[in-house]
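Please read the structure below before turning to the comments.
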Amino acid sequence: MSPFSSPHEAWLRLVHASGIGNSRLLELIGAFGTVEAVVAASRAELRRRGLTETTITAISAPDAKRLEKDLVWLDSPSHHLLPITSPEYPALLREIPDPPPALFVNGMLDALPTPQIAIVGSRNPTPAGAENAFEFARHLSACGLTITSGLALGIDAAAHRGALAGPGRTVAVCGTGADRVYPARNRSLATEIVRTGALVSEFPPGTPPLREHFPQRNRIISGLALGTLVVEAAERSGSLITARLAGEQSREVFAIPGSIHNPLARGCHKLIRQGAKLVESAADIFEELSAIAGALADSGQALQRVASDSPRPSPDRDESYELLLEALGFEPAPVDRLVERTGLTATELSSMLLILELEGHVRSVPGGAYSRVRS
8 MSPFSSPHEA
18 WLRLVHASGI
28 GNSRLLELIG
38 AFGTVEAVVA
48 ASRAELRRRG
58 LTETTITAIS
68 APDAKRLEKD
78 LVWLDSPSHH
88 LLPITSPEYP
98 ALLREIPDPP
108 PALFVNGMLD
118 ALPTPQIAIV
128 GSRNPTPAGA
138 ENAFEFARHL
148 SACGLTITSG
158 LALGIDAAAH
168 RGALAGPGRT
178 VAVCGTGADR
188 VYPARNRSLA
198 TEIVRTGALV
208 SEFPPGTPPL
218 REHFPQRNRI
228 ISGLALGTLV
238 VEAAERSGSL
248 ITARLAGEQS
258 REVFAIPGSI
268 HNPLARGCHK
278 LIRQGAKLVE
288 SAADIFEELS
298 AIAGALADSG
308 QALQRVASDS
318 PRPSPDRDES
328 YELLLEALGF
338 EPAPVDRLVE
348 RTGLTATELS
358 SMLLILELEG
368 HVRSVPGGAY
378 SRVRS
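Position one of the sequence shown corresponds to residue 8 (my numbering), numbered consecutively onward.
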């Protein structure tokens with residue numbers, strides 16, 4: 008019989024113990040075999056492993072009130088503690104140099120192993136930058152990709168909203184506990200995210216928004232994803248840190264070019280000079296990720312498999328596609344106007360327009376509109 012009141016208790020003791028970093032915690036689990044064995048080890052054994060008396064005491068005699076508060080939070084069916092030893096832990100995240108030993112998840116666990124694309128950028132984007140983030144996220148969501156970002160203002164929020172406007176879902180990696188939303192302005196957005204996606208954090212519930220936590224969480228944003236797209240970023244933007252981490256994790260890095268007069272394009276231009284792939288449409292990213300998805304068969308969530316789950320009828324044979332092309336014409340039209348003309352839903356149109364764009368029948372134009380391509 009386990010000496011712990013909950014299967015989560017041993018993990019919580021170690022997560023809260025001061026003086027144990029991620030790498031040390033993983034070393035301890037490797038040495039003792041299980042997290043329960045680490046917590047049950049004698050003081051002498053832990054001392055031989057290099058732990059201080061303060062840390063050993065924090066493990067053996069944890070703060071009972073804090074522990075109980077965490078266990079109460081985890082009682083909710085939508086709240087989870089996902090250790091790295093679990094088969095449900097995201098395979099791509101496990102591969103990075105410094106994976107979090109455990110994740111706290113608020114929302115849907117099955118969102119985490121899905122193929123993801125990280126979309127990041129400035130907290131104070133231009134209107135065009137915010138629109139690009141929204142539209143790229145919406146289109147990539149229609150391809151079957153989960154959109155991952157950091158729940159910040161600006162590009163992050165626009166990307167999350169774009170995913171929610173499409174047929175897919177989105178994951179927000181927090182620099183706080185998964186029970187908190189920062190900034191508070193994004194609370195309603197967070198509520199929408201957890202309905203089909205998830206808020207994820209390596210920090211235990213109750214963790215406040217500390218400055219040093221936000222750069223630290225960036226490795227998780229890039230680590231969960233097949234690639235990272237930087238939409239707009241100044242030369243010293245934190246988004247460039249996420250892009251650098253993506254490169255170090257052997258993931259794809261994409262950047263949207265902009266005007267030479269826009270300071271928020273300079274970070275993207277810098278990335279492109281360093282080897283990031285210049286992208287002008289969601290199709291550019293989809294094609295690139297489709298090419299590498301076959302190498303991710305061990306994750307069980309290859310992008311090609313997800314894409315093939317949704318039927319893609321030929322525009323030449325399917326009546327709904329013919330209807331859409333007739334309604335579209337060669338003058339640009341926004342999606343809401345196409346909804347009126349065709350009677351199709353915005354979600355259906357988003358998916359169909361993306362397929363038509365990939366197959367060269369339509370093109371997207373500034374302002375979120377589409378037009379037919381003259382043959």
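The beta-carbon is built from N, C-alpha and C at its ideal position, and this holds for glycine as well.
It should be emphasised that the depicted structure is a prediction, and the values quoted were computed from it without experimental measurement.
Throw me the rounded Cβ distance for the residue i and residue j pair, which I believe falls under 8 Å.
i	j	result
G245	P222	6 Å
D163	W80	Contact flag wrong, Cβ pair sits at about 24 Å.
F293	L147	7 Å
V369	L335	6 Å
A125	T155	5 Å
I66	R20	5 Å
I103	G230	4 Å
P107	E209	4 Å
R54	H23	Wrong, their Cβ atoms sit about 19 Å apart, outside the cutoff.
In whole angstroms, what is the alpha-carbon distance linking residue i and residue j?
i	j	result
L110	L351	39 Å
F337	K277	36 Å
A71	Y96	27 Å
K284	P69	48 Å
G157	G182	8 Å
T349	L331	6 Å
S306	P120	Because the pLDDT of S306 is 34, which lies under 50, any placement of that residue in the model is unreliable, and the number read from its coordinates should be weighed accordingly. Taking the straight line from one Cα to the other gives about 7 Å.
V127	N29	25 Å
R344	E333	13 Å
L361	A353	12 Å
S357	E138	15 Å
E347	R145	20 Å
E255	E329	45 Å
P264	S129	14 Å
E16	A135	47 Å
G392	I27	Here the chain has residues from 8 to 382 only, and residue 392 is not among them.
Y189	A159	7 Å
L100	L252	12 Å
E60	A51	10 Å
V45	W18	10 Å
S327	E364	15 Å
D105	E34	12 Å
P341	P211	43 Å
S378	G367	11 Å
S419	A118	Any question about residue 419 goes unanswered here, given that the chain covers just 8 to 382.
S266	E75	53 Å
A149	E355	9 Å
T41	G173	41 Å
G151	Q281	29 Å
L217	E287	35 Å
S25	D291	45 Å
Leaving out five residues on either side along the sequence, give the residues of the same chain with a beta carbon under 8 Å from the beta carbon of residue i.
i	result
F142	First, the residue type needs correcting, since residue 142 is Glu and not Phe in the sequence shown. Excluding positions up to five away in sequence, the list reads G169, A289, S371, G375.
P132	A140, G161, I162, A165, V238, E239, L271
L116	H87, L89, E95, A205
I248	P222, N225
R192	L160
M359	S327, Y328, L331, L351
Label residue i either buried or exposed according to how many other C-beta atoms from any shown protein chain fall within 10 Å of its C-beta, with 16 as the threshold for buried.
i	result
H268	exposed
A197	buried
D77	buried
P215	exposed
E219	exposed
L296	buried
L310	Because L310 sits at a pLDDT of 38, beneath the cut-off of 50, its placement in the model cannot be relied upon, and the point is left open.
P14	exposed
R402	The displayed coordinates of the chain run from 8 to 382. Any statement about residue 402 would go beyond what the structure contains.
Cutting at 6 Å between CB atoms, please list the residues of its own chain near residue i, excluding the five before and the five after it.
i	result
L171	E199
A250	T235, V237, V260, L278
G213	G184
M8	Residue confidence is low: M8 scores 39 on pLDDT, short of 50, so the model does not pin down where it sits. Its coordinate-derived value is still stated next. Hits under 6 Å: none found.
Q123	T153, T155, L231, A232
I227	V180
A262	V237, C275, L278, I279, A283
E43	A17
With a threshold of 7 Å on Cβ separation, who are the neighbours of residue i within its own chain once the five nearest residues in sequence on each side are excluded?
i	result
R273	A241, E242
N113	S85, H86, A185, D186, V201, A205, L206
L32	L21, P108
A48	F39
R194	V188
Does any residue of chain D bring its CB to less than 8 Å from the CB of residue i?
i	result
I124	Here there is only one protein chain, and chain D is not present.
Say yes only if the C-beta of residue i is nearer than 7 Å to one or more non-hydrogen atoms of the ligand MN, and no if none qualify.
i	result
E199	Summarising the ligand content, the structure contains no ligands, and the ligand MN is consequently not present.
Open item on the list: Does the structure place the segment 200 to 214 close enough to the segment 177 to 191 that three or more beta carbon pairs sit under 8 Å?
Closed with: yes
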